[in-house]
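A.B. asks:
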Amino acid sequence: YTTPSTPNPLRCDMGPMPRLVLLLLAVPTSAEATLLGGLWVDGHRRQYEKPTVERLRHGDAEAFRFDRYQSPAAVKAAFDGCRSRRSFRTHEASDGRRGLVSSTRLGGDWVLAESEQLAPACTAEEVLRAYLTGSLQKEWNADKVSRVAFSRAASPERGRYYRQDIELRSVRVIRSRTGPMSYSQTISVDKVGGRHYCALVRLDPDCPATARKPFEALSVYVGLQQVGPDVRIYAAGVFRVNRRGVPNLVV
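First residue of the sequence shown: 93, per the working numbering; consecutive thereafter.
So, in structure tokens, the structure goes:
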């Protein structure tokens, strides 16, 4: 995960599985989008809605969906049947950043990845703006990413949202190379209360993509909670990994 003051993403080791590089965050979607603090926000609630996220089940990850306006605590609880909360372990980057990461196999090619981090002395809006800056994304991930671009889009079904176009560099897989890979994803954001945000990220099936890409499906939730001068970040993603793709997945 990347924040304005943390220029490199957290990584979680998946053992025999590929390593997942969590670079999670997000922004807008839906009909009544408004401009709050320079950010396009799809919806706004005074408080989190009652938990509606169904439990994630091992062997049935494809059926899982994240719901809007859910608190990080509610989302995290939906995974308790698949992994122990003791599965989170401390990760410390070379520049001193610290966070917690967890990865869980869900059967077949499906994986659950989670991360928790505290972004000190900043606002949730600043975290969002940093993520939505394509030049920063490329700078922070120069070894894997050749291009990142953001644009605004709208449709009757999705409302207003951001589209993120990603181009990855070719990487070696065993004795061959993947070739350049590209795909797009939609990013939607809801605001909760005066200082919290919920973001949902999904692959965009309406945009062209290369035949080979890091994963065949993804659904990501990011919760940003302003706690005093800091931002508490919880990110969770359910992914169908492309085992023939790359040894490092950029999410």
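Ideal Cβ placement from N, Cα and C applies to all residues, glycine included.
Counting along the chain, where does the beta strand (DSSP E) carrying residue 238 start and finish?
C.D. replies: Run containing residue 238: 237-247, per the beta strand (DSSP E) assignment.
A.B. asks: What is the DSSP secondary structure of residue 275, counted as helix, strand or coil?
C.D. replies: In the structure shown, residue 275 sits in a strand (DSSP, three-state: E or B).
A.B. asks: Within 10 angstroms of the Cβ of residue 121, are there 16 or more other Cβ atoms? Answer buried if so, exposed if not.
C.D. replies: Residue placement at residue 121 is flagged as unreliable, the pLDDT there being 29, under the threshold of 50; the coordinate-derived value follows with that caveat. Counting Cβ neighbours within 10 Å, residue 121 comes out buried, since at least 16 surround it.
A.B. asks: Taking the alpha carbon of residue 298 as the point to measure from, which residue in 277, 285 and 307 has its own alpha carbon closest?
C.D. replies: For the residues 277, 285 and 307, the minimum Cα distance to residue 298 belongs to 277.
A.B. asks: Where do the ends of the beta strand (DSSP E) carrying residue 227 lie?
C.D. replies: Per DSSP, residue 227 belongs to no beta strand (DSSP E); it is in the alpha helix (DSSP H), 226-232.
A.B. asks: DSSP three-state label for residue 107, please.
C.D. replies: Bear in mind that a pLDDT of 37 at residue 107, under 50, signals an unreliable position, so the number given afterwards is only what the model happens to contain. Correct three-state label for residue 107: coil.
A.B. asks: Do you know whose CA, among 144, 167, 171 and 140, lies nearest residue 151's CA?
C.D. replies: Considering only alpha carbons, the answer is 171.
A.B. asks: Step through the CB atoms of chain B and report whether any lies within less than 9 Å of the CB of residue 287.
C.D. replies: In summary, chain B is missing from the structure at hand, where a single protein chain is found.
A.B. asks: Alpha carbon to alpha carbon, what distance is there between residue 319 and residue 215?
C.D. replies: Each residue's alpha carbon lies about 9 Å from the other.
A.B. asks: Report the residue from 249, 311 and 269 whose alpha carbon sits nearest the alpha carbon of residue 157.
C.D. replies: The shortest C-alpha separation from residue 157 is found at 311.
A.B. asks: How long is the line joining the alpha carbons of residue 131 and residue 240, rounded to whole angstroms?
C.D. replies: Their Cα atoms are separated by approximately 18 Å.
A.B. asks: Grab me the residues of residue 144's own chain with a C-beta within less than 6 Å of its C-beta, minus the 5 sequence neighbours each way, in chain order.
C.D. replies: Taken in chain order, the residues that qualify are 159.
A.B. asks: Just mark residue 212 as buried or exposed, buried being the case when its beta carbon has 16 or more other beta carbons within 10 Å.
C.D. replies: Residue 212 comes out exposed.
A.B. asks: Once DSSP output is grouped into helix, strand and coil, what is the label at residue 168?
C.D. replies: Of the three classes helix, strand and coil, the one that applies to residue 168 here is helix, per DSSP.
A.B. asks: Helix, strand or coil for residue 126, going by three-state DSSP, please let me know.
C.D. replies: Confidence is the limiting factor: at residue 126 the pLDDT is only 48, short of 50, which leaves the residue's position unreliable and the question unanswerable from this model.
A.B. asks: Which residues does DSSP pair with residue 310 in a beta bridge?
C.D. replies: According to DSSP, which records beta bridges pairwise, residue 310 is partnered with 331.
A.B. asks: Does the segment 316-334 touch the segment 189-205, meaning 3 or more C-beta pairs lie closer than 8 Å?
C.D. replies: Touching, yes.
A.B. asks: Using 9 Å as the threshold, is the C-beta distance between residue 313 and residue 193 below it?
C.D. replies: No, Cβ-Cβ distance for residue 313 and residue 193 is not below 9 Å.
A.B. asks: Using the three-state DSSP reduction, which class does residue 146 fall into: helix, strand or coil?
C.D. replies: Residue 146: coil per DSSP, three-state reduction.
A.B. asks: For residue 252, count the other beta carbons within 10 Å of its own beta carbon; 16 or more makes it buried, fewer makes it exposed. Which is it?
C.D. replies: Buried, because 16 or more other Cβ atoms sit within 10 Å of the Cβ of residue 252.
A.B. asks: Would you give the residue range spanned by the beta strand (DSSP E) that residue 292 belongs to?
C.D. replies: Start and end: 288-295.
A.B. asks: Confirm, please, whether the CB-CB distance from residue 245 to residue 255 is below 9 Å.
C.D. replies: Contact flag set, yes.
A.B. asks: Once the 5 residues before and after residue 227 are set aside, which same chain residues still bring their CB inside 7 Å of it?
C.D. replies: For residue 227, where only same-chain residues beyond five positions count, there are no Cβ hits under 7 Å.
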